[in-house]
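Enquirer: If you use the working numbering, the sequence shown corresponds to residues 21 to 444, in order. By construction, the Cβ of each residue, glycine as well, lies at the ideal position given by its N, Cα and C atoms. Sharing a structure below in structure tokens format, with a few things to ask.
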Amino acid sequence: MKLLAKYNRINIFVTISILLISSICFYVMIRHVLVSQLDEDLKVEEQEVIDFVNANNKLPDPSNYEDQQIEFIKAGNITAEKKFTSVVLVKEDHKHKEEELYRQYGFSIAVNGERYTVLIRKSQEQTEDLIKIIAWITSGIVVLLLFILFFINRFLLSRLWQPFNNTLVQLKQFNLSAKNNVQLQPTSTTEFAELNKTVQVMTERAKQDYESLKNFTDNASHEMQTPLAIINSKLDVLIQDESLSEFQMRQLQGVYDALDRLSNLNQSLLLLTKIENSQFNEQENISLDGLVREKLIQFEELSAARKLVITANIQPVNISGNKKLNDILIGNLLNNAIRYNVAGGSITVKLDADELIISNSSFLPALDAEQVFQRFYRHADTKQDGNGLGLSIVKQICTMAGYNISYSYFNNLHEFKIALTKLL
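See the structure below:
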């Protein structure tokens, strides 16, 4: 969920809760104030009745007006407690009956030795109507506030967060190998300005580190190959010396083989570094079926020497990608299929618009599917003539190109499947 949407959800929930609780409290307070005012009016009427009795030594006449009623009831020796209540009375006329809410106040009074209960009532309908009007006005204000908050969250906050969204887009589009600078939107918001400043510093540092690493790999590729080539040529001269004993020849051959593995390891590590640093950005249209056929021809002599049976089902497939990397990808898979095969074994190559599958028999049992693409992974039965980076390079090329590669083992066959659908 996006931050703005999450903030809006929490903000709206909290706002509605606060406004709802505030509206209920406001309603209760207004109602209490208005009813208390009505009770004060009833106490004024009580005082008028008491003053009339004291002045005239008799009760005033009962009254039954539309908004006020006064009723006298003989109470005997019972003294009524002063009490405010809300009662509903039925008003009748020649057309219909109508219920009306009254506020009633009862108290006792003695007149000429007799005790009476006085009930004074005032209509509460106007008070209730006023409360309803206030409630409707309050509800309207709440709805208006919610609408304003929605507008602020939807439009104003979106504009406020625009610098952050722009920074996020720039970071997604940032590419070290493209050498492009991030174009950050100026902002007066302190936090976003600090974020932009930090992003600017980090991207500049990343570019500097990338250039340093790129220069290192280029220099290492050039400088390390030269002494390796010199050592190799010196070994070639030494190994041709007829005066060497058989023991010395075996020692030199061991050094020669170790040097060859070191050279291959150096080239493989440099290749991995270049792939990870996105130094193969050239894209072109590639005839993948033609590339597979070329690699099969290149390995034809090696496969024939081991009497391998190769079955190829290759359909025309064109993709867009880096030709050199795809050549290395197919070459590594075919090289492994031949190197780790058994004499007289089989290799099956299948290519169509959806996938490339290379399967082979082998003297090796099933590999660990979770580690097979990790660097320097070797099965315990693998000979030490490789450097353990071939499948790591294959995996890295697939990741960069968008291929989905998987490994499986069934019917004594090792199978590597590369899905090509996303690239077409």
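1) Where does L444 sit, in a helix, a strand or coil, going by DSSP?
2) Does the beta-carbon of I38 have 16 or more other beta-carbons within 10 angstroms, so that it is buried, or is it exposed?
3) Output the distance between the C-alpha atoms of L14 and L215, rounded to the nearest integer angstrom.
4) Quick check on N77: does DSSP put it in helix, strand or coil?
5) So, helix, strand or coil for T331, using DSSP?
6) From the DSSP output, in three-state form, read off T147 for me.
7) On the premise that L353 lies in contact with I378, defined as a C-beta separation below 8 angstroms, what is that separation, rounded to the nearest angstrom?
8) Could you spell out where the alpha helix (DSSP H) holding I350 opens and where it closes?
9) Kindly list the residues whose CB is nearer than 6 angstroms to the CB of N186, restricted to its own chain and excluding five residues on each side of it in sequence; keep chain order.
10) If you draw a straight line from the alpha carbon of E60 to that of L166, how long is it in whole angstroms?
11) Take the Cβ of R123 as the centre, count every other Cβ of all protein chains shown within 10 Å, and call the residue buried at 16 or more, exposed below.
12) What's the C-alpha gap between V392 and H399?
13) Determine the extent of the alpha helix (DSSP H) in which F184 is found, giving its start and end residues.
14) Does Q89 come out as helix, strand or coil in the three-state DSSP assignment?
15) Whose C-beta lies closer than 7 angstroms to the C-beta of K142 among residues of the same chain, with five residues either side of it excluded?
16) Going by C-alpha distance, which of Y423, G96, V53 is nearest R135?
17) Quick one: what does DSSP say Q220 is sitting in, helix, strand or coil?
18) Nearest-angstrom Cα distance between I172 and N28?
19) Looking only at DSSP bridge pairs, what is D127 linked to?
20) Of the choices E119, D149, I93, whose alpha-carbon is the least far from that of T137?
21) Tell me whether V55 sits in a helix, a strand or coil according to DSSP, three-state version.
22) Hey, how far is the Cα of A386 from the Cα of H434?
23) Would L169 pass as a contact of N31 if the rule is Cβ separation under 9 angstroms?
Expert: The short version:
1) With a pLDDT of 40 at L444, under the threshold of 50, the modelled position of this residue cannot be trusted; read the value that follows with caution. Three-state result, L444: coil.
2) exposed
3) Outside the shown range of the chain (21 to 444) lies residue 14, about which nothing can therefore be said.
4) coil
5) strand
6) helix
7) 5 angstroms
8) 343-359
9) Once the five neighbours on either side are set aside, the close Cβ partners of N186 are Q205.
10) 38 angstroms
11) buried
12) 9 angstroms
13) Here the alpha helix (DSSP H) through F184 covers 182-193.
14) Judged by DSSP in its simplified three-state form, Q89 adopts strand.
15) L58, D61, L62, D87, Q88, Y122, R123
16) G96
17) helix
18) 10 angstroms
19) Reading the sequence as shown, one finds Phe at residue 127 and not Asp. According to DSSP, F127 bridges with V138.
20) I93
21) helix
22) 7 angstroms
23) yes
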